[in-house]
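Asks: I have a structure I would like to understand better, so I am pasting it below and will then ask my questions one at a time.
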Amino acid sequence: MRSDFLDAAELAAIGFAALGEGVRISRHALFFAPERIRIGARTRIDAFCVLSAGPGGIAIGRNVHISAHATILGGGAVTIGDFCTLSVRCAVFASNDDYSGATMTNPTLPARYRGAVDAPVAIGAHAILGAGCVVLPGVTIGESAAVGALGLVREDLPPFAVAVGAPARVVGRRRAEHRALAARYLAETGGEG
2 MRSDFLDAAE
12 LAAIGFAALG
22 EGVRISRHAL
32 FFAPERIRIG
42 ARTRIDAFCV
52 LSAGPGGIAI
62 GRNVHISAHA
72 TILGGGAVTI
82 GDFCTLSVRC
92 AVFASNDDYS
102 GATMTNPTLP
112 ARYRGAVDAP
122 VAIGAHAILG
132 AGCVVLPGVT
142 IGESAAVGAL
152 GLVREDLPPF
162 AVAVGAPARV
172 VGRRRAEHRA
182 LAARYLAETG
192 GEG
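So the sequence shown is numbered by our numbering: it starts at 2 and just counts up by one.
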């Protein structure tokens with residue numbers, strides 16, 4: 002019986018820029034421009050995810066979980082730190098059309114008719130995005146920040162922030178015990194976590 006996750010040969014055949022040890026990727030995930038996608042050790046990407054790397058590429062740290070139906074669309078660079086979680090149906094955009102009406106929209110048109118803006122997105126280590134979160138181009142989410150379900154992140158969030166809503170606003174501060182647990186985990190696994 003065939004596994005729901007790709008085996009080592011199938012992963013190698015995709016042609017990622019880099020692929021760490023122990024990566025698990027659903028055979029139902031889609032990758033566009035995989036030669037611009039770097040995936041760290043022990044990362045898991047679930048079914049029906051779409052990762053489309055633009056010129057800036059996508060760099061995913063180790064021990065990251067990208068849940069079912071999540072989408073990462075490049076243009077600008079997308080960086081996701083170690084030990085992050087993107088919950089079900091999260092969407093990370095590093096490119097966005099101009100909605101003002103000054104230009105036309107959508108990728109069926111030549112760039113000269115469009116006002117699309119590419120900007121990098123950085124998600125710090127240990128950050129967690131709740132189900133259905135949307136992250137817009139140009140945003141930095143600080144280390145260990147948490148965004149509640151259905152949050153719309155259009156501005157930077159500081160480290161350890163707890164943010165909710167659309168647009169997301171900071172309502173608290175996340176505890177830090179998880180950092181000591183991560184250090185212990187890495188010590189137990191010889192830093193190969």
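Just so you know, even glycine gets a beta-carbon here, dropped at the ideal spot from N, CA and C.
Comparing alpha-carbon positions, which option in H179, F161 and E178 lies nearest V171?
Replies: Residue F161 is the option with its Cα nearest to V171.
Asks: Could you tell me the alpha carbon to alpha carbon distance between F6 and L12, rounded to whole angstroms?
Replies: Roughly 9 Å between the two C-alpha positions.
Asks: What are the boundary residues of the beta strand (DSSP E) that includes L1?
Replies: Only positions 2 to 194 of the chain appear in the structure, and residue 1 is not among them; the question remains open.
Asks: Classify F33 as buried or exposed, calling it buried when 16 or more other Cβ atoms lie within 10 Å of its own Cβ.
Replies: F33 comes out exposed.
Asks: Tell me which residue opens and which closes the alpha helix (DSSP H) that L12 is part of.
Replies: A9 to I15 is the span of the alpha helix (DSSP H), which, as asked, contains L12.
Asks: Just to confirm the assignment: which complete beta strand (DSSP E) runs, minimum length 3, are found wholly within the region 61-89?
Replies: Qualifying beta strand (DSSP E) stretches, in chain order: 72-74 and 79-81.
Asks: Buried or exposed for L130, going by 16 or more other Cβ atoms inside 10 Å?
Replies: Buried, by the Cβ-count rule.
Asks: If you reduce the DSSP assignment to three classes, tell me which class R170 lands in.
Replies: If DSSP states are grouped into helix, strand and coil, R170 belongs with the strands.
Asks: With a 10 Å radius around its C-beta and 16 neighbouring C-beta atoms as the bar for buried, classify A147 as buried or exposed.
Replies: Its Cβ being crowded by 16 or more others within 10 Å, A147 is buried.
Asks: Could you say if the region 149-164 and the region 103-112 meet the contact criterion of at least three C-beta pairs nearer than 8 Å?
Replies: Because the criterion of three Cβ pairs below 8 Å is not met, the region 149-164 and the region 103-112 do not touch.
Asks: State yes or no: is the C-beta of R90 within less than 8 Å of the C-beta of A132?
Replies: Yes, the Cβ-Cβ distance between R90 and A132 is below 8 Å.
Asks: Would you identify the three-state DSSP class for R113, choosing helix, strand or coil?
Replies: Here R113 sits in helix by DSSP.
Asks: Count the C-beta pairs between the region 43-63 and the region 16-27 that are closer than 8 Å, then say yes if the count reaches three, no if not.
Replies: Verdict: yes, contact present.
Asks: How close, in whole Å, do the beta carbons of A95 and G76 come, if the pair is a contact with beta carbons under 8 Å?
Replies: 5 Å between Cβ atoms; contact.
Asks: Would you call the CB atoms of I38 and A54 closer than 8 Å?
Replies: Taking 8 Å as the Cβ cut-off, I38 and A54 qualify as a contacting pair.
Asks: Here's a check: name, in chain order, each residue in its chain whose Cβ is nearer than 6 Å to the Cβ of A92, leaving out the five neighbours to either side.
Replies: If we look at A92 and ignore the five residues flanking it on each side, its Cβ neighbours are T72 and V135.
Asks: Closer than 7 Å by C-beta to M105: which residues in its own chain qualify, once you throw out the five before and the five after it? Chain order, please.
Replies: Excluding positions up to five away in sequence, the list reads Y114 and R115.
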